[in-house]
Structure formats: structure tokens, C-alpha cells
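Participant:
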Amino acid sequence: MATIVKYQTSNGETRYMVRYRKPDGSQTKQRGFKRKIDATNWAAEHVTTAKAKGIYIDPQAGKITVGELADAWLAKKKLGTKPSYYDDLEDSWNKWVKPEWGSIPVAAVTREKAQQWAAKISQGTKGVGENGHEIWVEKPKSASVVLRAHGILAGILDDAKADRRIPDNPVRGIELPRKARSKHTYLTVEQLYALAAACTTLQRSILVLTLGLTGLRWGECVGLTVADIDFTAHRIDVNKSATQVRRRMIIGTPKTWEMRRIMYPDALEPLLRQLCEGKRPENLLFPDPTTKDGYTHQPHSPKSDDRSWYAKACIRAEVPRLTVHDLRHTAASLMVKSGANVKAVQHQLGHKSAAMTLDVYADLFADDLDELSERMGELLLREGVPKMCPNDVSEAA
């Protein structure tokens, strides 16, 4: 049972406190209510009713800060995510979440403040420069940046809720920006081969063709060894990925943890054999002796930096300046044009589901609707359905 007690503050103001026993029998209090009715209502909701329902939350437990819980949350994510993604999470925590929320008690986080914070990241912050003109203090950030930062704060508060430090997570359900799906640009077969021919070495040419014809991710491709190529079955075993994190290569499993066995077209056969000639099974297929770890590092996007070998090849070949990851999209388009079904494309690309493949490459399957329309029309004609239809629409009324 709770007791309401009136007291005087140091400056002589009247306040009310709630004295009550926690479920473990220890006595505690909640102070600072300006009106007796506020103290009474709080006691009824947070003590009497909560105890009866078994959902009592100790107010003291909510005083722990977001920053104090962050280490445990980040440690948990480190166990279940890829090194590159964890690196992104850690950066986002340090840049966006920690400065705003690190010292805030979890019980003090509100939906309103979280909404304002997300909007500030998305819309940017302006200030006044030395000349009196308005300048950007922090430029607007993409939806990806906002969603990642929000996900970290929401995840930490989810843990706080699970540990009964707060009754609910106030940041779940706030308005967030939506990711704008960028339109894919696909190279034709001629453009892909022109890009490969514009590379400065044979190995780089074969690397570009392998990416553009098989759909491998960069890390999966540069992590391949001679033993991963099965020339008898025309297959490539994708069982690892070389991921670059802060200029350091980390070898792990493929992105979705799905090891798979994919095809390569006949055109790659002689080129892959050239790369494997004279090498041991454990040797890398695409090594780079100029790097400390021996792996070929991913070049910068040619859209923002035209100094890399890949950017220069795009310029010489006079093709769109696509990133090396965009070659994966080209591979998907060539597979669909070759008649591959969705499940085959899903397996080749290593997507979690066919639904994901359809979602990412919906534009590639749009032409199927035209073919479907024609085939259904032919079916209806064969079955004589038009003969069953009334000659005048009014007859059906």
C-alpha cells in the first residue's frame, strides 16, 4: 500500500511524495509531485495496479543512462552481425546517438525528443557564418543514416524494456524518412566487355567479367581461391567473403551467411583457367601483391573519384560510371534476359528469398507482364472464351 506525504522543499515550496514498498518488500519513495492528486494517481498507476498485474517497474532502475547500456547492446550486435556492418553501427553510435543520448537516463527518453532528434539529423542544422550569412552546421543526412541511428537507440531501449527498467519503448513508432530506391543502370553485354577490355591488366579484366557475369559480391569474388573453381561442373563455391573494414581485410562468411554453389558461363572458362594456371589450390584467384594482406581492395566509386584503375576503365570504355557493386545488377539483368527464373537468380545472387530478388529487381521482370498478357490472350482464344461473351454489353445488365 502506498502513502502520500506532504513535505517542504529547501526554498519553502510544498511538494508531495509517495512512500511505498517494492515487490521485494523494501521501502522506497517517489518525490516531487506539486499536487496531492498527481501523487495519488501516480501511486495508483505505478504501484497498486502495476503490482497487481505483475508489471511493476522500479523507478530507480530507469535512472541508468543510455550510454551505460550501450556497451552491452553493441557487444550483442558484434556477435550476430558482419564486421563491416558492426563497424557502421559503432560509427553511428559515436557520431549520432552517444552525443545526444549517452548521458540521458532511459526513463527520461521521450517520444517527442526522439522525434525532434531524428528530424534534426534528416533535415540538418543551420547556423550563422562569420559574414552573417546562413550556413550549414550539419548538412542533411540520408534516410540510411537516420534509420541506423534510430535503430541503435531503439535497440538499446528494447533491452531496457526487456530488463524491466522502463515500461515501454517510446521511440518505437516515431516518424522516420523512407529510403528512396535508386533506379538501377545495367550494362549491355557489349558495354561490359568494353569495360573489361579497358582495364590495364588481364587479371582486372577477368575480375570485371566475373563480377558482371556471375553476380558475385566484391568480397566474395576477391576471396575466391583456386580450389573454389570446379571446372568439371562449371561451378564456383562461394563459402567465404573478404570484407574490408578500416583498410583491413577480414575473412568471414558470405553476407547472408548462405554458402552456395553458383554457375559461371562458358565464356569465363578459358579466362578462369588462365588465372588458375601454375597456382596451388589455396592460392587466391585475384591476388594483389601490392597490398599488405595480398587481397585486391575495392576501388572507390568512379562517381566520386576518377583516379582508381576501375574509374579510368569506365572513362576509357565510355560506359556509365557504375560502382563495382553495380556490376552485380548487370549480372542479374543478363540472367533474366537469358530466361532464368526468379529462384535461379535468387540462388546465384545469394539473396535470402525470392521475394527479395523480386523486390530489388522488379523492373527486370516487368517485361514478363507483356508476355503473360499475350499468353493469356492465346489461351482464352483456344478455349473459345470470346464466344461465351455477350455481343452487347447491355445484354449482361
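Residues 1 to 397 (UniProt numbering) make up the sequence shown, in order.
The beta carbon of each residue, even a glycine, is placed where N, CA and C say it ideally should be.
(1) Touch check for the region 155 to 165 and the region 94 to 111: three-plus C-beta pairs under 8 Å?
(2) Ignoring anything shorter than 4 residues, give me the alpha helix (DSSP H) runs that lie fully in the region 96 to 137, in order along the chain.
(3) Looking only at DSSP bridge pairs, what is M249 linked to?
(4) Hey, G219 and T243 are a contact pair by Cβ (cut 8 Å); roughly how many whole angstroms apart?
(5) Taking all protein chains shown into account, do 16 or more other C-beta atoms lie within 10 angstroms of the C-beta of P170, making it buried, or fewer, making it exposed?
(6) State the CB to CB distance for the pair residue 398 and L176, rounded to an integer number of angstroms; the pair is presumed to be in contact (CB under 8 Å).
(7) Just to confirm the assignment: which complete alpha helix (DSSP H) runs, minimum length 4, are found wholly within the region 52 to 78?
(8) To the nearest angstrom, how far is it from the Cα of L195 to the Cα of I166?
(9) Starting from M259, follow the beta strand (DSSP E) in both directions and report where the run begins and ends.
(10) Can you give me the start and stop residues for the beta strand (DSSP E) that G173 sits inside?
(11) Note down the Cα distance separating A77 from Y86, rounded to an integer number of angstroms.
(12) So residue 407 packs on E90, CB below 8 Å; how close in whole Å?
(13) Taking Q27 as part of the beta strand (DSSP E), name the residues at either end of that continuous run.
(14) DSSP puts K6 in a beta bridge; with which residues?
(15) Between which two residues does the beta strand (DSSP E) carrying D38 extend?
(16) Just how far apart, CA to CA, sit T210 and L268?
(17) Pull up the DSSP beta-bridge partners for residue 405, would you.
(18) Hey, could you find the ends of the alpha helix (DSSP H) P270 is sitting in?
(19) Assess, as a yes-or-no matter, whether the region 315 to 323 is touched by the region 351 to 359 under the definition of 3 or more beta carbon pairs within less than 8 Å.
(20) Indicate whether the contact test is met: 3 or more Cβ pairs, each with one atom in the region 139 to 151 and one in the region 191 to 208, closer than 8 Å.
(21) Thinking C-alpha only, which one of V360, E374, T253 is nearest A180?
(22) When you compare each of F33, V18, R35 to Q27 by their alpha carbons, which one comes out closest?
Facilitator: Reading it off the structure:
(1) Enough Cβ pairs lie closer than 8 Å, so yes.
(2) Counting only runs of 4+ residues, the alpha helix (DSSP H) found wholly inside the region 96 to 137 occupies 98 to 101, 111 to 123, in chain order.
(3) For the purposes of this step, residue 249 is taken as residue 249 along the sequence shown, with counting starting at 1. Paired residues: Q244.
(4) As a position in the sequence shown, residue 219 is number 219, starting the count at 1. As a position in the sequence shown, residue 243 is number 243, starting the count at 1. For G219 against T243, the beta-carbon gap comes to about 5 Å, under 8 Å, which counts as contact.
(5) Locating residue 170 in the sequence shown gives position 170, where the first residue counts as 1. Buried: at least 16 other Cβ atoms inside 10 Å.
(6) Residue 398 lies beyond the residue range present for the chain, which begins at 1 and ends at 397; the question has no answer from this structure.
(7) Annotation note: the region 52 to 78 contains no uninterrupted alpha helix (DSSP H) run of length 4 or greater.
(8) On the sequence shown, position 195 is the one that residue 195 refers to. On the sequence shown, position 166 is the one that residue 166 refers to. When rounded, the distance between both Cα atoms is 57 Å.
(9) Within the sequence shown, residue 259 is the residue found at index 259, counting from 1. For M259, there is no enclosing beta strand (DSSP E), as DSSP marks it with neither H nor E.
(10) Residue mapping note: residue 173 aligns to position 173 of the sequence shown, counting from 1. No beta strand (DSSP E) contains G173, which DSSP labels as neither H nor E.
(11) For the purposes of this step, residue 77 is taken as residue 77 along the sequence shown, with counting starting at 1. For the purposes of this step, residue 86 is taken as residue 86 along the sequence shown, with counting starting at 1. Per the sequence shown, the amino acid found at residue 77 is Lys instead of Ala. Straight-line spacing of the CA atoms in K77 and Y86 works out to 7 Å.
(12) With the chain running from 1 to 397 in the structure shown, residue 407 is simply not present.
(13) Numbered from its first residue, the sequence shown carries residue 27 at position 27. 27 to 33 is the span of the beta strand (DSSP E), which, as asked, contains Q27.
(14) For this step, residue 6 is matched to residue 6 along the sequence shown. Answer is Y16.
(15) Here residue 38 corresponds to residue number 38 of the sequence shown, with the count starting at 1. Careful: D38 lies outside any beta strand (DSSP E), inside the alpha helix (DSSP H) at 36 to 43.
(16) Along the sequence shown, read from residue 1 onward, the residue named residue 210 stands at position 210. Along the sequence shown, read from residue 1 onward, the residue named residue 268 stands at position 268. In this structure, the alpha-carbon of T210 lies about 7 Å from that of L268.
(17) As displayed, the chain neither begins before 1 nor continues past 397, which places residue 405 out of reach and without an answer.
(18) Position 270 of the sequence shown holds residue 270. For P270, the enclosing alpha helix (DSSP H) begins and ends at 269 to 276.
(19) The region 351 to 359 makes no contact with the region 315 to 323; the number of CB pairs closer than 8 Å stays below 3.
(20) Verdict: no, contact absent.
(21) The sequence position of residue 180 within the sequence shown is 180, counting from 1. The option with the nearest alpha carbon to A180 is V360.
(22) Against the sequence shown, residue 27 aligns to sequence position 27. Of the listed residues, the one whose Cα sits closest to Q27 is V18.
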